[in-house]
Amino acid sequence: MIRRHDWLFMLHLGLTLFFLYGPIVVLVVLSFNELGLATAWGGFSLKWYAALSKNFKIISAAVNTLIVASVTTVIATIIGTMLAMGIERLRKSPLLDALLFAPMVVPDIVLAIGLLSLFTAINLKLGLHSIIMSHVVFNIAFVCAVVRTRLNNFDHSLLEASTDLGASTWTTFRRVTLPIIFPGVFAGALLAFTLSFDEFVIAFFTAGTRQSSTTLPMQIYSMIKFGIKPDINALATIIMGVSFILVFMAQRLNKEALTGR
Amino acid sequence: MIAKNVIELRNIVKQYGAVRVVDDVSFELRESEFFALLGPSGCGKTTLLRVMAGFADPSSGQMLLDGQDMVRVPPRRRPLNMMFQSYALFPHMTAEANIRYGLENARLPKEEIARRTAEIMVTTQLTEFARRKPAQLSGGQRQRVALARALVMRPRVLLLDEPLGALDKKLREAMQLELKRLQNELGITFVVVTHDQEEALVMADRIALMRGGRVEQIGPASELYEKPTSRFVADFIGQSNFFEGTASGSQISVDGLGLLHGPNDASVSGAAVLSVRPERIKVNTTPVRSFDNSFAGTVREIAYHGQDEHIHVEFDDWKRPVIARLPAYDETVQQIHEGTRVWLSWNGRDARILAH
Chain G
1 MIRRHDWLFM LHLGLTLFFL YGPIVVLVVL SFNELGLATA WGGFSLKWYA
51 ALSKNFKIIS AAVNTLIVAS VTTVIATIIG TMLAMGIERL RKSPLLDALL
101 FAPMVVPDIV LAIGLLSLFT AINLKLGLHS IIMSHVVFNI AFVCAVVRTR
151 LNNFDHSLLE ASTDLGASTW TTFRRVTLPI IFPGVFAGAL LAFTLSFDEF
201 VIAFFTAGTR QSSTTLPMQI YSMIKFGIKP DINALATIIM GVSFILVFMA
251 QRLNKEALTG R
Chain X
262 MIAKNVIELR NIVKQYGAVR VVDDVSFELR ESEFFALLGP SGCGKTTLLR
312 VMAGFADPSS GQMLLDGQDM VRVPPRRRPL NMMFQSYALF PHMTAEANIR
362 YGLENARLPK EEIARRTAEI MVTTQLTEFA RRKPAQLSGG QRQRVALARA
412 LVMRPRVLLL DEPLGALDKK LREAMQLELK RLQNELGITF VVVTHDQEEA
462 LVMADRIALM RGGRVEQIGP ASELYEKPTS RFVADFIGQS NFFEGTASGS
512 QISVDGLGLL HGPNDASVSG AAVLSVRPER IKVNTTPVRS FDNSFAGTVR
562 EIAYHGQDEH IHVEFDDWKR PVIARLPAYD ETVQQIHEGT RVWLSWNGRD
612 ARILAH
């Protein structure tokens, strides 16, 4: 039991909350600050959001990022799920597991250099498509890992039961396998989207030089060299809001899937 | 009446590497019979069932269904359905959706799907649970959903893999009779895989007892119990006392006990064993003359089993315990206790002489 007068505990809790959420609160508050300064409050205003909507560089970068993240998510989720299902059929192999983990643990900078060298070697023009290909590479591993945990306690007699009841392989996948592993697939997709959305190093290496293939993290990085502008706070607040809604949805979905078992 | 054969298995072999899990098995399943594949774990009974369902390809051999070879037919095109040991219910579907699943795959008209689903749910007493998901059902209800899901397909043969294994004793006994009732009512051939000899005896019309991938004996339940053809069968089904010796004709010579009498039609000679069921042995506190076999001994232990008692007796010249079973109300039981002198007797016709 926690006693109310246990001030040491309350202090601990307060500090933890402060370190976790302090930066976020500051960000959100500043995005509504008329003055746009970290040091003084000039009243509530939406003017930085208005400024953001007129910053075409940021908007085009945001659109690029959404394209990259969405396409990456779709491709990586399909390939990663197929990979996970295929591997589950094989005998357990530590070597294969290590190979699958490699893209997750290899430092981004190493992967980025490798990808750039490969693209140069095969003479591929750089652009959004090369960022997408690069993001797919490491996201396959993440999706695969998430889906595999879901497949771990998958009862394979369900597949036989479905076959026994006259279902084709495709029907079995659509009506039995996918609905059961869907929370895992969705969680994997969400992870892939998030990772792709804020990925900087690999995108920076594989984007080429044109403004048309600049993603949001790259754009913000280039702007930050000249100090943080308040419209970036507004942008960050929007991104956070969207992320929160996505995570909340994922949690609810997972809960429904669990209680349905 | 000669019943038609539904399935004929001819020299089925299933090999994993050098191990023959199913080793040259041939038998036939008849129309509307309740058939049990019985045996200890690892005897190949489940593999044989999976060969019939099509989930395992036989290494060699033929399986005919209504005269047609099934070996190359994929499981989803076989008019057989299986009830899995784990039930394998789809966790994300309601009981009703689980049951309808197979009919939907068969692309039957909507009205027929609805009618047949409703019918089978009445038969299996599931109507009130139609909208529940498997996690919200009890073990017995889940078992009935699994059964209904297979039966609604109206298979030629229903394959059941340890169907009652996950239920507790009371429910298991009720379900044994329930399965028997359903099988009678629907007239579908049932093949049950079980390791429980009592379950097989209660439910099955015929039993195939398997051992090491082979069929040891096949026949009506009463035949396997009363007329086992090997020591393994006599030992696996029910309980038996065994006396090893050398047989000739209807007699067997046992070291320490002398000549024991078996049934007149015994035809084994050489190393053999005489098998006698505990309930065939009479217990007396005075010598008796009217039996073919009678031996004096001392009661070592009395095990109370409720409806009957198992008397463990040590013969004067035979150091292994011999077990006799008496109803608890038998008056002899009242007179004996540990250390009592008793005479155990049985007639040759109630024993079996089996090759050793």
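Those protein sequence lines, which keep their order, are chains G and X.
Quick note: the first sequence uses the working numbering, first residue 1, plus one each step.
Quick note: the second sequence uses the working numbering, first residue 262, plus one each step.
We put the beta carbon where it would ideally sit given N, CA and C, even for glycine.
Residue i: contacting residues in chain G (beta-carbon distance under 7 Å)
{"i": "glycine 629/X", "result": "With chain X covering only 262 through 617, there is no way to say anything about residue 629/X."}
{"i": "methionine 464/X", "result": "Correct list: empty, because the minimum Cβ distance to chain G is about 22 Å."}
{"i": "histidine 571/X", "result": "By Cβ distance, chain G contributes nothing, its closest Cβ being about 40 Å from histidine 571/X, past 7 Å."}
Assigned secondary structure, residue i (DSSP; H/G/I helix, E/B strand, else coil)
{"i": "alanine 279/X", "result": "coil"}
{"i": "asparagine 342/X", "result": "strand"}
{"i": "lysine 306/X", "result": "helix"}
{"i": "asparagine 366/X", "result": "helix"}
{"i": "arginine 561/X", "result": "strand"}
{"i": "glycine 260/G", "result": "Reliability fails at glycine 260/G, whose pLDDT of 44 lies under 50, so the model's placement of it is uncertain and no value is given."}
{"i": "phenylalanine 296/X", "result": "strand"}
{"i": "arginine 471/X", "result": "Note on identity: in this sequence residue 471/X is methionine, with arginine being the wrong assignment. Note: methionine 471/X maps to strand in three-state DSSP."}
{"i": "methionine 262/X", "result": "Because the pLDDT at methionine 262/X is just 47, under 50, the model does not fix this residue reliably, and the point stays unresolved."}
{"i": "lysine 371/X", "result": "helix"}
{"i": "asparagine 272/X", "result": "strand"}
{"i": "glycine 114/G", "result": "helix"}
{"i": "threonine 214/G", "result": "coil"}
{"i": "leucine 447/X", "result": "helix"}
{"i": "lysine 441/X", "result": "helix"}
{"i": "phenylalanine 351/X", "result": "coil"}
{"i": "threonine 455/X", "result": "strand"}
{"i": "valine 620/X", "result": "Since the displayed chain X opens at 262 and closes at 617, residue 620/X lies outside it and no answer follows."}
{"i": "leucine 605/X", "result": "strand"}
{"i": "isoleucine 360/X", "result": "helix"}
{"i": "valine 332/X", "result": "coil"}
{"i": "histidine 566/X", "result": "coil"}
{"i": "aspartate 97/G", "result": "helix"}
Chain-ordered chain A contacts of residue i [CB-CB under 9 Å]
{"i": "threonine 209/G", "result": "Protein chains G and X are contained in the structure displayed, whereas chain A is not."}
Chain-ordered neighbours of residue i on chain G, where CB pairs are closer than 9 Å
{"i": "phenylalanine 316/X", "result": "Glu160, Thr163, Asp164"}
Neighbour list for residue i in chain X, Cβ cutoff strictly below 8 Å
{"i": "proline 183/G", "result": "Correct list: empty, because the minimum Cβ distance to chain X is about 10 Å."}
Neighbouring residues, chain X, relative to residue i (Cβ below 9 Å)
{"i": "valine 147/G", "result": "Result: empty, since nearest Cβ-Cβ is about 16 Å, beyond 9 Å."}
{"i": "isoleucine 180/G", "result": "Phe351, Pro352, His353"}
Proximal residues of chain G, C-beta to C-beta of residue i below 8 Å
{"i": "methionine 414/X", "result": "Leu165, Gly166"}
Neighbour list for residue i in chain X, Cβ cutoff strictly below 7 Å
{"i": "threonine 171/G", "result": "Asn366"}
{"i": "serine 157/G", "result": "Phe345, Ser347, Ala349"}
{"i": "valine 176/G", "result": "Phe351"}
Listed from N- to C-terminal order along the chain, which residues in the segment 327–350 of chain X have their beta-carbon within a distance smaller than 7 Å of any beta-carbon of chain G?
Pro336, Arg337, Asn342, Met343, Phe345, Ser347, Ala349
Anything in the segment 6–35 of chain G with a Cβ closer than 9 Å to a Cβ of chain X? List those residues in chain order, please.
none
Are at least three pairs of beta-carbons, each pair with one atom in the segment 329–349 of chain X and one in the segment 155–171 of chain G, less than 8 Å apart?
The segment 329–349 of chain X, when compared against the segment 155–171 of chain G, does touch it at the 8 Å Cβ threshold.
Three CB pairs or more closer than 8 Å across the segment 380–400 of chain X and the segment 274–293 of chain X
no
Output the residue ranges of the alpha helix (DSSP H) runs that lie fully inside the segment 381–437 of chain X and measure 4 residues or longer, sorted by chain position.
400–412
Using a Cβ distance threshold of 8 Å, determine whether the segment 291–298 of chain X contacts the segment 449–458 of chain X, with at least three qualifying pairs required.
Enough Cβ pairs lie closer than 8 Å, so yes.
Could you tell me whether the segment 457–474 of chain X touches the segment 280–292 of chain X, using the rule of 3 or more Cβ pairs below 8 Å?
yes
Selection of the segment 206–238 of chain G by Cβ proximity to chain X, strictly under 7 Å
none
contact_flag[the segment 21–33 of chain G, the segment 232–249 of chain G] where n(CB pairs < 8 Å) is 3 or more:
Using a Cβ-Cβ distance cut-off of 8 Å, the segment 21–33 of chain G and the segment 232–249 of chain G are in contact, since at least three pairs of beta carbons, one from each stretch, lie closer than that value.
Selection of the segment 362–388 of chain X by Cβ proximity to chain G, strictly under 7 Å:
Tyr362, Gly363, Asn366, Ala367
Segments assigned alpha helix (DSSP H), at least 4 residues, entirely inside the segment 6–93 of chain G
7–31, 47–54, 56–89
Check distances from the C-beta atoms of the segment 79–107 of chain G to those of chain X and list, in chain order, the residues that come in under 8 Å.
none
Which runs of the alpha helix (DSSP H) fall wholly inside the segment 135–189 of chain G and span at least 4 residues, in chain order?
157–164, 169–172
For the segment 145–158 of chain G and the segment 169–188 of chain G, state whether three or more C-beta atom pairs, one from each stretch, are separated by less than 8 Å.
yes
Those runs of the beta strand (DSSP E) which lie wholly inside the segment 494–521 of chain X and span at least 3 residues
502–509, 512–515
Three or more C-beta pairs below 8 Å linking the segment 556–563 of chain X and the segment 571–580 of chain X:
yes
Counting Cβ pairs, one atom from each stretch, are 3 or more of them under 8 Å apart for the segment 67–87 of chain G and the segment 191–201 of chain G?
yes
Extract the residue ranges of the beta strand (DSSP E) inside the segment 197–252 of chain G, only unbroken runs of 3 or more that lie entirely within it.
Qualifying beta strand (DSSP E) stretches: none in this window.
Say whether the segment 596–611 of chain X touches the segment 533–548 of chain X, bearing in mind that this needs 3 or more beta-carbon pairs closer than 8 Å, one atom from each stretch.
yes
Closer than 8 Å is the cut-off here; do at least three beta carbon pairs connect the segment 307–318 of chain X with the segment 496–503 of chain X?
In short, these stretches do not touch, since the Cβ pair count stays below three.
Check whether the segment 357–370 of chain X touches the segment 412–425 of chain X, taking contact to mean three or more Cβ pairs, one atom from each stretch, closer than 8 Å.
yes
Meets three-Cβ-pair contact criterion under 8 Å: the segment 201–208 of chain G and the segment 387–394 of chain X:
no
Three or more C-beta pairs closer than 8 Å, one from the segment 72–91 of chain G and one from the segment 130–146 of chain G: is that the case here?
yes
Any beta strand (DSSP E) of 3 or more consecutive residues that is wholly inside the segment 518–553 of chain X:
519–522, 531–537, 543–545
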